[in-house]
Each structure stands twice: as C-alpha cells, then as structure tokens.
Amino acid sequence: MNKAEYTINTNAHTAVKPYFISDSSAVRRLYDSIVMAGADNSHKSWLHRIVFSGHAVDVKNGGYTLNADYLPDLVLGKQLEGGRTIWLNTRGYQVSGTVGSNFFFYTSGYENQGKFANYETDYINKTHMVPGQGYNRSLPAGSKDWAYVTALIGYQAGKNISIALGEDKTFIGEGYRSMLLSDYASACPLLRLTVNLGKKFRYMAMWTYMEDQNAVQFNSFSNNRRKWGVFHYIDWSITNRASLGFFNAVISEEANDEGKLRGFDMNYINPVYFSPALGPASQAADHTLIGFNGKYKILTKTIIYGQLLFDQSLSSAVKGNNNAWQAGLKGWDLFKVSNLNYLFEYNTASPFTYSNKYPIVNYAELNEPLADPLGANFKECIGILNYSLGKFDFQGELLWAKYGLNMGDINYGKDITLANDVNIAPGYSVTGQGLATTLKYAEGTVAYILNPKYNLRMEIGVLVRQESNALSNTKTILFTVGLRSSFRDLYHDF
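Using this note's numbering, you'd call the opening residue of the sequence shown number 20 and step up by one each time.
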C-alpha cells in the first residue's frame, strides 16, 4: 500500500507496524480496493465466496463486526542437493472484529508440521526455534512440529489514543529489515500504548515479557528465564515529505541467577526514557539501546530512509564501537510501470552490538534477534522487486551479506546470545572479523491470488542460497509449489 502510505499529500506516521486502519485513515480506500479486488458476490454460493472473495464468517451488525477464516498453508518442494523433499502442512485460523467504534480484537493460530531445507534445519537444531514462529517439537525422520499463536484486544479512544494488549510482534522502520525492532523473532506478550500528540507527533510505549533459553535456570521445572522489555518511540512528522523518529529500548532480567525476583520496576512506566540515567535505581543489569529512524520523500513516488542505533551496554573488554545503521531507497511504479514496486537496502551492525555481558538481557527473544536476523558483525545488501498484474503477483529478492563467524572458543561478536566479556577476540573490533563468510541469496515467487481477504493463493517459488568461507561451501537450490494463505512474514533469507 505504498501509494497511499507515502504520498506527499499526507504526513501519515508509517514507522510502527502493525497499525490500525480506521475508517478515516488515509490508506482505508486503497486497503478496501485491494481486499475487494475482483469480488463479485452476487448469486454466488457460500463455498464460492470463501474460496474466492469473502470471509468464512462475515458479520456486520450495527454494534459489532466479526470476521473469521480458515488458513491453510500447504507446501511441497524439492531440494536438489541430496534430493531432499521438503514440505509444510499448516492448519490455521484468524478471527477479528470490532465492538462499537472503540473496541477491536484479533487472534490467529497455526498448528504446523514440516520438513525444511538443510540450512534451515541446522538453524532449528541450534536455536530450537522455527524461524520467527515458535518452539520446535521434533518429529521422526527430521520433521519439525510447532505452533504459533497471536492475540490482541484493543481500545481506540477517539482518534488520538490506542491501547492494545496481547501476544504479537512489532516492527519499527520503513524498510525490509529493522535495526531497531523487527518482526523476525517470535511473538511475545505485550502492552502497547499509542498516542497522537496533535498532527505532528505520535508516541508509542510498549512493555513486553520475553524469555531466554540459555540463561541459568533456578527451579526444578526447567522453565525458561524471563525478562522485561520496555520500548519507546516518538515519531515527528516534520513536513509531508520528512519525518524523524527517536527510539529507546531497555531489557531487564526478571530475577537474578540465584532466583531473587526483581519483578517489574515501576520506573519503567516513565514516559520519557531516552537515557540510562533516567532508569531505575536498582543495581540489576539493564541493557539500554537508543536509536533514530527517518524518511524523506525525495520524489512523488520515491523515498529514502535510514536508521541509526547505539548500544549503550558495551563491555569494557570490547575495544570498538557498538552500533548499527541502515540506509535504503524504495518506491513504486518503477520506469512508469504501474504496480512495479522496488526496495534497495543496506544494513550493518558492528561486532557485539545487541549483546551484553549478562546474556539474560541480550537483545533477543528465545534465542532469536529482535533486530536483523544476522545478529551482529555483518554487512548486508538487499534488493526486492514486486509486480502485480490483475490477480498475479510476482516477487524477486537478491541478498548479499558478509559476516564473521566464531572460530574455536573465540567470540568474534556475531552471536548476540553470548556474553560479550568472555573469550572475546583480542584487539580493536572490526565488522567482519572472525571467519570471513559470504552469503548469497536469491528467491523468486509467482502467485495467483484466489482470495485477497486472507491472501489465499497458489504459489510456485525457487530459492538459491550459498554460504561460503575458508572451511566450507554450502549450496541450496530449492523448488516449491503450494496453496498458501495468511499475512505472516515468514523469513528464509538468513
């Protein structure tokens, strides 16, 4: 929906996602045109409507609305290396609705089994997580089993205040990746407050309750240790063309290694939180990050955007900077071709960024980064093209990355779940230090949209990946075909 979000005729706040599309929103008309594209429900059966143009349940009453859908995600594929068959069998649902003009709710759930390409299987075996979704419950013959659930209930107080409570993801940025807060890691419990301060400013405060698999456990139930996350973001729409955002995050342990509960410190409710000096007086370790996000509409259909992050928890043992940044360009109707959208992006994070000498407060949820999937100590270039023609959708992605892996017991700063004051590389930190590794990734998909209401589509795809260094050279070529649905972001490009 770039055309409506980024037109120079509006100063819409676009950085924090997902956002509520109200009836008065600048993107409401375009959103309705997308989900109703090709819809003709006259004289159609119920089965025809739910397959091609409508929800399985669609109730509109004077005081409330209710929508519900069944979400299949069925994929079959072949990895050329070793003739490995991959597959995905997902049965899902989504239910959403409103009560009056103020209350809204949304929930989705997915029960999944599948078999992955070799590189994704290695990732799952190492992290115990299916990328961005949930715990792996392994099945025989290398198959995986997992569940993924989101749920939100919210209250919209007029046009200026919105409160949401539940379990979900949040993304801050204008690009494909985010160096501040991305939707890569799995969903977690959250409370999110959004306030419009006039037409120029939007303030977001969010409190999350996360888990860490690696931290020392202190009970007999082998439960994961918990930690709190507090996030603040203020977006300033300077003009219709330019905006600037200010970001802050604090990660805090719920209890120390001896099991002494710290609980939720009431100081974290502080609405102004852009310095660690404003934090609680407690001696417990906190991990503080600050950052900036900005965009500028340089042309009618083109914007530039960027991010800058400073990690203020640098260990005294690390010699170097602890920061990350992003620069990108995106737009639509490239070469005057309607619906040809594009994005070009560069991301980098210096070694040990997002990590901490106390691993419990690293910038991760269940072993997965809260920012870029590559963690730290990397440089990354991404290009994406998307073209829509009627009910057909074409997308291609190219990615190139350079990063340094650990060698032996030496920590070179890519794995953000490790303590950044133990077994670290000597000398001044340089991005790419360690075992120099190159990642090349290409993916293309062609989809035919059956029902835009819940993104039901027939899809074929091809994926090519190569990761190489002085010790290994692994290649993946994968072909897939499937019947897919839902609006989840499922990442394979890491």
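Even for Gly, the Cβ is constructed at its ideal location relative to N, Cα and C. Computed from a predicted structure; not experimentally measured.
Three-state class that DSSP yields for H511 in the structure shown | H511 falls in the coil class under three-state DSSP.
Counting along the chain, where does the beta strand (DSSP E) carrying R484 start and finish?
-> L475 to S487
The alpha helix (DSSP H) with K145 in it runs from where to where?
-> N137 to T146
Where does Y174 fall in DSSP's three states?
-> strand
Considering H306, what are the terminal residues of the beta strand (DSSP E) in which it resides?
-> D305 to L318 is the span of the beta strand (DSSP E), which, as asked, contains H306.
Distance, K320 Cα to L49 Cα = The predicted position of L49 is uncertain, since its pLDDT is 48 and thus under 50; a value taken from the coordinates is nonetheless stated next. Cα-Cα distance, rounded: 16 angstroms.
Hey, A133 and Y324: beta-carbon distance below 9 angstroms or not?
-> Rather than Ala, the amino acid found at residue 133 in this sequence is Gly. Cβ distance not < 9 angstroms, so G133 and Y324 don't count as in contact.
Note down the Cα distance separating L437 from L353, rounded to an integer number of angstroms.
-> 43 angstroms
Range of the contiguous alpha helix (DSSP H) that encloses V70 | W65 to F71
Per-residue DSSP class, three states only, for F354 = helix
Output yes or no for whether 9 angstroms exceeds the beta carbon distance between A183 and T213.
-> yes
Take the Cβ of H67 as the centre, count every other Cβ of all protein chains shown within 10 Å, and call the residue buried at 16 or more, exposed below.
-> exposed
Go ahead and pull the three-state DSSP assignment for V500.
-> strand
Buried or exposed for V269, please, with buried defined as at least 16 other CB atoms from any protein chain shown within 10 angstroms of its CB.
-> buried
Bounding residues of the beta strand (DSSP E) (the contiguous stretch that carries H251) | R244 to S256
Nearest-angstrom Cα distance between A296 and Q331?
-> Per-residue confidence for A296 stands at a pLDDT of 43, beneath the threshold of 50, marking its modelled position as unreliable; no derived number is given.
Round the Cβ separation of I401 and L418 to the nearest angstrom and send it over; I've been treating them as touching at under 8 angstroms.
-> 5 angstroms
Where I322 falls: helix, strand or coil (DSSP) | strand
Quick one, which of W247, G153 and T104 has its alpha-carbon nearest I379's?
-> Residue W247 is the option with its Cα nearest to I379.
On the three-pair Cβ rule with 8 angstroms, is the stretch 259 to 274 touching the stretch 307 to 314?
-> yes
When you compare only the Cα positions, how much space is there between L458 and Q175?
-> Looking at the two C-alpha atoms, the distance is approximately 44 angstroms.
If I'm right that K472 touches H74 with Cβ under 8 angstroms, what's the distance once you round it to whole angstroms?
-> Rounded, the Cβ-Cβ distance is 6 angstroms, consistent with contact.
Mind checking whether E416 and D305 have CB atoms under 9 angstroms apart?
-> no
Helix, strand or coil for Y167, going by three-state DSSP, please let me know.
-> strand
Just to confirm, are E399 and T367 a CB contact at a threshold of 9 angstroms?
-> yes
Supposed close pair V94, L107 - CB separation, criterion 8 angstroms = 4 angstroms
Euclidean distance between Cα positions of N30 and L490 | 51 angstroms
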